[in-house]
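S.K.:
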Amino acid sequence: MAPSTLAELRVALAKQTGSRAGVLTTGIPALNRILPEGGWKAGNLIEWLADPGAGACDLAFRTLESGSPCGLWCLVDPERTGYPLAALDRKCLIVRPTKTQEVWWAVEQALRCPGVAVTWCPIDSVPERVLRRWQLAAEAGGGIGMLFRPRQVIEQRAWSDLRLAVTPVVRSSRFSRTVRVEVVSCRGRLGGQAVMLELHHAPDAVRVVSELDNSTLAAERPPFTLRCVGRVG
Amino acid sequence: MPLAEARALLPLRPKTPVRSCWKDADPTADHLALQQIAIDCQRYTPLTGMDEFGRESIFLDITGCAELFGGEQNLLHTVMRDLSRRGFQIRTALTDGIGTAWAMAHHGQSGTILPSGNEQRALEPLPTASLRLSATVIEMLERLAVHTVGELLRLPRTLLTSRFGPELLLRLNQALGVTWESFLPERLSMPLIAQWSADDALTDQRELAFVFRQLLAELLAQLATRRTGLLELHCELRTETETVTVPLQLAEPAHDLRHIAQLFELTCERRQFPGGVFAFRLKALRIGGLHERQGKLLNDAHDRHDQEIRRLVERLSSRLGQQAVLRPVAVADPLPERALQRVPWLADAPADPAKFYVPAVECCISRPWRVLTTPQPVQVMAVVPDGPPRRLTWQGQTWDIHQAWGPERIESGWWRAWDIQRDYYRVETADGSQFWLFRDARRNGWFLHGLFD
Chain X
1 MAPSTLAELR VALAKQTGSR AGVLTTGIPA LNRILPEGGW KAGNLIEWLA
51 DPGAGACDLA FRTLESGSPC GLWCLVDPER TGYPLAALDR KCLIVRPTKT
101 QEVWWAVEQA LRCPGVAVTW CPIDSVPERV LRRWQLAAEA GGGIGMLFRP
151 RQVIEQRAWS DLRLAVTPVV RSSRFSRTVR VEVVSCRGRL GGQAVMLELH
201 HAPDAVRVVS ELDNSTLAAE RPPFTLRCVG RVG
Chain S
1001 MPLAEARALL PLRPKTPVRS CWKDADPTAD HLALQQIAID CQRYTPLTGM
1051 DEFGRESIFL DITGCAELFG GEQNLLHTVM RDLSRRGFQI RTALTDGIGT
1101 AWAMAHHGQS GTILPSGNEQ RALEPLPTAS LRLSATVIEM LERLAVHTVG
1151 ELLRLPRTLL TSRFGPELLL RLNQALGVTW ESFLPERLSM PLIAQWSADD
1201 ALTDQRELAF VFRQLLAELL AQLATRRTGL LELHCELRTE TETVTVPLQL
1251 AEPAHDLRHI AQLFELTCER RQFPGGVFAF RLKALRIGGL HERQGKLLND
1301 AHDRHDQEIR RLVERLSSRL GQQAVLRPVA VADPLPERAL QRVPWLADAP
1351 ADPAKFYVPA VECCISRPWR VLTTPQPVQV MAVVPDGPPR RLTWQGQTWD
1401 IHQAWGPERI ESGWWRAWDI QRDYYRVETA DGSQFWLFRD ARRNGWFLHG
1451 LFD
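Chain order of the listed sequences is X and S.
Following the working numbering, the numbering of the first sequence begins with 1 at its first residue and continues without gaps.
Following the working numbering, the numbering of the second sequence begins with 1001 at its first residue and continues without gaps.
1) Tell me whether the beta-carbon of residue 171 of chain X lies closer than 9 Å to the beta-carbon of residue 185 of chain X.
2) Using a Cβ-Cβ distance cut-off of 9 Å, determine whether residue 34 of chain X contacts chain S.
3) Bridge partners of residue 1382 of chain S, per DSSP?
4) Using a Cβ-Cβ distance under 9 Å, would residue 208 of chain X count as near chain S?
5) Are the CB atoms of residue 144 of chain X and residue 119 of chain X nearer to each other than 9 Å?
6) Looking at chain X, is there any beta carbon in it that lies within less than 9 Å of the beta carbon of residue 1372 of chain S?
7) Identify which residue in S/1399, S/1453 and S/1381 has its Cα closest to the Cα of residue 1446 of chain S.
8) Return the residue from the list X/165, X/177 and X/135 that minimises the CA-CA distance to residue 194 of chain X.
9) Flag residue 145 of chain X as yes if its beta-carbon sits less than 9 Å from any beta-carbon of chain S, otherwise no.
10) I need the boundaries of the beta strand (DSSP E) containing residue 186 of chain X, first residue and last residue.
11) For residue 1340 of chain S, which residues from the same chain have a beta carbon less than 6 Å from its beta carbon, with the 5 sequence-adjacent residues on both sides left out?
12) Using DSSP with H/G/I as helix, E/B as strand and the rest coil, what is residue 1258 of chain S?
13) Could you please tell me which residues of the segment 105-117 of chain X, in chain order, have their CB closer than 8 Å to any CB of chain S?
14) Measuring straight from C-alpha to C-alpha, what distance separates residue 1154 of chain S and residue 1132 of chain S?
15) Which residues in the same chain have their Cβ closer than 7 Å to the Cβ of residue 1276 of chain S, if we skip the five residues on either side of it in sequence?
16) Do you know how far the Cα of residue 1337 of chain S is from the Cα of residue 1419 of chain S?
17) Keeping to the same chain, check which residues put their C-beta closer than 8 Å to that of residue 1443 of chain S; ignore five residues upstream and five downstream.
18) Could you please give me the residues that DSSP links to residue 112 of chain X through a beta bridge?
19) Can you find a CB in chain X that lies within less than 9 Å of the CB of residue 1334 of chain S?
20) Any contact between the segment 107-124 of chain X and the segment 75-82 of chain X? By contact I mean 3 or more CB pairs, one from each, below 8 Å.
21) What is the DSSP secondary structure of residue 1238 of chain S, counted as helix, strand or coil?
22) Roughly how far, in whole angstroms, is the beta-carbon of residue 47 of chain X from the beta-carbon of residue 149 of chain X, given that I think they are within contact range, below 8 Å?
23) Using a Cβ cut-off of 8 Å, pull out every chain S residue sitting near residue 133 of chain X, in sequence order please.
24) Just the C-alpha distance for residue 97 of chain X and residue 1323 of chain S, rounded to the nearest angstrom, thanks.
25) Extract the residue ranges of the beta strand (DSSP E) inside the segment 1015-1087 of chain S, only unbroken runs of 3 or more that lie entirely within it.
26) Would you list the one or two residues that DSSP bridges to residue 41 of chain X?
27) With a threshold of 16 other CB atoms inside 10 Å of the CB of residue 1033 of chain S, please say whether the residue is buried or exposed.
28) What three-state label does DSSP hand residue 1130 of chain S in the structure shown?
29) On the criterion of 16 or more Cβ atoms from any shown chain inside 10 Å, does residue 99 of chain X qualify as buried, or is it exposed?
30) My assumption, with CB atoms under 8 Å, is that residue 1451 of chain S sits in contact with residue 1368 of chain S. Please give the rounded CB distance.
31) Tell me whether the beta-carbon of residue 1097 of chain S lies closer than 9 Å to the beta-carbon of residue 1194 of chain S.
32) Are residue 1116 of chain S and residue 1090 of chain S closer than 9 Å when you measure CB to CB?
33) For the candidate residues S/1316, S/1214, S/1196 and S/1265, whose alpha-carbon lies nearest to that of residue 1251 of chain S?
34) Applying a beta-carbon distance threshold of less than 8 Å, which residues of chain X neighbour residue 1400 of chain S?
35) Counting only beta-carbon separations shorter than 9 Å, does residue 63 of chain X have a partner in chain S?
36) Would you mind stating whether residue 1052 of chain S and residue 1183 of chain S have Cβ atoms separated by less than 9 Å?
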């Protein structure tokens, strides 16, 4: 039986079973609501725009932890500063190219590989043609590509399927920090939606608290939570 | 014996601490290791072979070899010394026949050199098990109160076959040297090599790729007959001035011509061949059995993904080098830059990875996503000399610090070559960014070690 026939059979089976193939929930309903597909869509390239120390990587990882994508997690680490301690329980591949062209090539290879669930790359400047190739590679591979870029590139043209801007909010405590996530641009929809999230430090399930809840932390050490503090926009 | 039984034999309250460790038995690996020892022993004699009976012995036919080592005694001593140095506990015997040698090595005195004609006298006190008999025959002899070879020899020979079968008499004659016996010598397998040479040099990458494919196809054809695949390939390309070696390593045995050729092309992109290539030589260094998997009509994504991941790793390693394609491994070390090691993906995974060391601190400071390989010195202003930072200057930019949590003291032991004593702070600047700073008590300075991205 031809591979294409098998692929069609699998898609048909997924439709019949009612599973929404290809969309990975972030685990945060408030964040899902502002995303165009209601989660991370397989085959998408997502850009996270943030300043250093803003918390974009932390938030991105927690959304992936909730969805638990099946497959390899590939971290392309050109700056050799990646410290994926939180990902040790996962099957993780770290790629450390030395030249810029090798970085572009490695990211494309990882995006194109069907066995890679998430391709993760902090990178500053990338030519548009390379971003376009990455977008096509992500579509072909079916995984999720996450690029972490400086906030300054917000003025540049976007080739990614989704562009999110993460801004830290100065209301952190010993056990938590607050960030504001805004959809800068996305395919097929207008951007501009934003939500504020509170990231806690401790291991446990992720849950969302209603908007009326008091977000002040209790005195005891709280469980690991991702709280929706307020919806903006 | 079962593991539980073995553990029960350990003393409950030993006078000295008993360290125990265990591994699953692997007869195949044991056999391969013994085979390798037999091949290594070909430095003493060209004829070495495995023991097909107990599968735990090797035979060396030293006919004509003793003089090269200064006599039989010296040869025996050399063999024992060399193998003992490799960590093996061995028993040896040097006799005229295989059966006698087996009996003396297993049940006699180790290191015995038996003169010719003394086989019977040497075998008489040994147990009947020294004749390499089956358990059934030994049990029958035990029931008849025949415990030693001497007692067995006193039995009428004509009755042995009818009573115990042909095996007993055969083994007895082999041990006494009456019946000639041989072993199958171990041979080094023929190297798998394909080569090409020409008077005109190849300068174009496509020409190199074409020749490589031709040679690889020849090599894979040899492997196909054995149902094995390539695991490691050694390519030598001779130019005018030098011989360039291009190693190719795979994650698992493969016989895909197109994939391996692609790996070669990716590897050659990083290399120069001044003057062109005059000769090509491919040698298969390691091969392995091909594992055929039953395909499934649906839901076989897991198997397909595993194969795709292996191929991705091989492609990345070929172009970027094995040291650039890594897997993270936790190390029980308090120093952040040492707590996470990155080992090559194609290298063997650590057999016993250390449990991840997390400092049990009340303030529950998590580790940042970015940790600088070398901490960078920063300018910090603090209200009190040993207090938390209040202003940070890094790469020409200044931040006011809104909050600081810490300190978390991390220090190395005095037995380390370097003495480290650091007080770590997680700081939040006025715009909400969070950094990981530490004050080095030894050097009395502040450093940026990570960013909470």
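Using N, Cα and C, we set each Cβ at its ideal position, and we do this for glycine too.
M.R.: Let's see:
1) Working through the first sequence from its first residue, we reach residue 171 of chain X at position 171. Working through the first sequence from its first residue, we reach residue 185 of chain X at position 185. Cβ atoms of residue 171 of chain X and residue 185 of chain X: not closer than 9 Å.
2) As a position in the first sequence, residue 34 of chain X is number 34, starting the count at 1. Put simply, the CB of residue 34 of chain X is far from chain S, with every gap to its CB atoms at 9 Å or more.
3) Stepping through the second sequence from its first residue, residue 1382 of chain S is reached at position 382. Beta-bridge pairing links residue 1382 of chain S to S/1389.
4) Taking the first sequence and counting its residues from 1, the one referred to as residue 208 of chain X is at position 208. The predicted position of residue 208 of chain X is uncertain, since its pLDDT is 41 and thus under 50; a value taken from the coordinates is nonetheless stated next. For residue 208 of chain X, the answer is no, since every Cβ of chain S falls outside 9 Å of its Cβ.
5) Counted from its first residue, the first sequence places residue 144 of chain X at position 144. Counted from its first residue, the first sequence places residue 119 of chain X at position 119. In this structure, residue 119 of chain X lies closer than 9 Å to residue 144 of chain X by Cβ.
6) By one-based count along the second sequence, residue 1372 of chain S stands at place 372. Yes, residue 1372 of chain S counts as interfacial toward chain X.
7) Counting from one through the second sequence, the residue named residue 1446 of chain S turns up at place 446. The shortest Cα separation from residue 1446 of chain S among S/1399, S/1453 and S/1381 belongs to S/1381.
8) Start at 1 with the first residue of the first sequence, and residue 194 of chain X comes out as number 194. Measuring from the Cα of residue 194 of chain X, the nearest candidate turns out to be X/165.
9) If you number the first sequence from 1, residue 145 of chain X lands on position 145. Taking Cβ atoms only, chain S never reaches closer than 9 Å to residue 145 of chain X, which makes this a no.
10) Position 186 of the first sequence holds residue 186 of chain X. In this chain, the beta strand (DSSP E) harbouring residue 186 of chain X covers 176-186.
11) Walking along the second sequence from the start, residue 1340 of chain S turns up at place 340. Taking C-beta separations shorter than 6 Å and ignoring five residues to either side along the sequence, the partners of residue 1340 of chain S in its chain run 1328, following chain order.
12) Counting from 1 along the second sequence, the entry for residue 1258 of chain S is found at position 258. Helix at residue 1258 of chain S.
13) 105, 106, 109, 110, 113, 114, 115 and 116
14) As a first step, residue 1154 of chain S is located in the second sequence; it is residue number 154 there, counting from the start. As a first step, residue 1132 of chain S is located in the second sequence; it is residue number 132 there, counting from the start. Each residue's Cα considered, the two are about 19 Å apart.
15) On the second sequence, position 276 is the one that residue 1276 of chain S refers to. Same-chain partners within the cutoff: 1201, 1202, 1203 and 1239.
16) In the second sequence, residue 1419 of chain S corresponds to position 419, counting from 1. In the second sequence, residue 1337 of chain S corresponds to position 337, counting from 1. Whole-angstrom Cα-Cα distance: 14 Å.
17) Position 443 of the second sequence, counted from the first residue, corresponds to residue 1443 of chain S. There are no such residues.
18) Start at 1 with the first residue of the first sequence, and residue 112 of chain X comes out as number 112. For residue 112 of chain X, which the question treats as bridged, DSSP gives no partner whatsoever.
19) The sequence position of residue 1334 of chain S within the second sequence is 334, counting from 1. With 9 Å as the cut-off, residue 1334 of chain S does not count as an interface residue toward chain X.
20) Of all C-beta pairs linking the segment 107-124 of chain X to the segment 75-82 of chain X, three or more are shorter than 8 Å, placing the two stretches in contact.
21) Counted from its first residue, the second sequence places residue 1238 of chain S at position 238. Reduced to three states, the DSSP call for residue 1238 of chain S is strand.
22) Taking the first sequence and counting its residues from 1, one reaches residue 47 of chain X at position 47. Taking the first sequence and counting its residues from 1, one reaches residue 149 of chain X at position 149. That pair is a contact at about 6 Å.
23) For the purposes of this step, residue 133 of chain X is identified with residue 133 of the first sequence, where counting begins at 1. Residues of chain S passing the Cβ test: none, with the nearest at roughly 16 Å.
24) What you label residue 97 of chain X is simply residue 97 of the first sequence in a count that begins at 1. What you label residue 1323 of chain S is simply residue 323 of the second sequence in a count that begins at 1. Approximately 10 Å, taken between the alpha carbons.
25) DSSP assignment within the segment 1015-1087 of chain S yields the following whole beta strand (DSSP E) runs of 3 residues or more, N-terminal first: 1047-1050 and 1058-1061.
26) In the first sequence, the residue the question calls residue 41 of chain X occupies position 41. Residue 41 of chain X is bridged to X/23.
27) For this step, residue 1033 of chain S is matched to residue 33 along the second sequence. Exposed is the call here.
28) The sequence position of residue 1130 of chain S within the second sequence is 130, counting from 1. It is helical.
29) For the purposes of this step, residue 99 of chain X is taken as residue 99 along the first sequence, with counting starting at 1. Here residue 99 of chain X is exposed. Its C-beta has fewer than 16 other C-beta atoms within 10 Å.
30) As a position in the second sequence, residue 1451 of chain S is number 451, starting the count at 1. As a position in the second sequence, residue 1368 of chain S is number 368, starting the count at 1. At roughly 6 Å, the Cβ-Cβ gap stays under 8 Å, so residue 1451 of chain S and residue 1368 of chain S are in contact.
31) The residue labelled residue 1097 of chain S in the question sits at position 97 within the second sequence. The residue labelled residue 1194 of chain S in the question sits at position 194 within the second sequence. Contact flag unset, no.
32) Indexing the second sequence from 1 puts residue 1116 of chain S at position 116. Indexing the second sequence from 1 puts residue 1090 of chain S at position 90. Not a contact, by the Cβ cut-off of 9 Å.
33) Here residue 1251 of chain S refers to the residue found at position 251 of the second sequence. A check of alpha carbon separations from residue 1251 of chain S across S/1316, S/1214, S/1196 and S/1265 identifies S/1316 as the nearest.
34) As a first step, residue 1400 of chain S is located in the second sequence; it is residue number 400 there, counting from the start. Within 8 Å Cβ-Cβ: nothing; residue 1400 of chain S doesn't reach chain X, min ~11 Å.
35) Position 63 of the first sequence, counted from the start, is the residue given in the question as residue 63 of chain X. Output row for residue 63 of chain X: interface = no.
36) Within the second sequence, numbered from 1, the residue matching residue 1052 of chain S stands at position 52. Within the second sequence, numbered from 1, the residue matching residue 1183 of chain S stands at position 183. Their beta carbons are under 9 Å apart, which means residue 1052 of chain S touches residue 1183 of chain S by this criterion.
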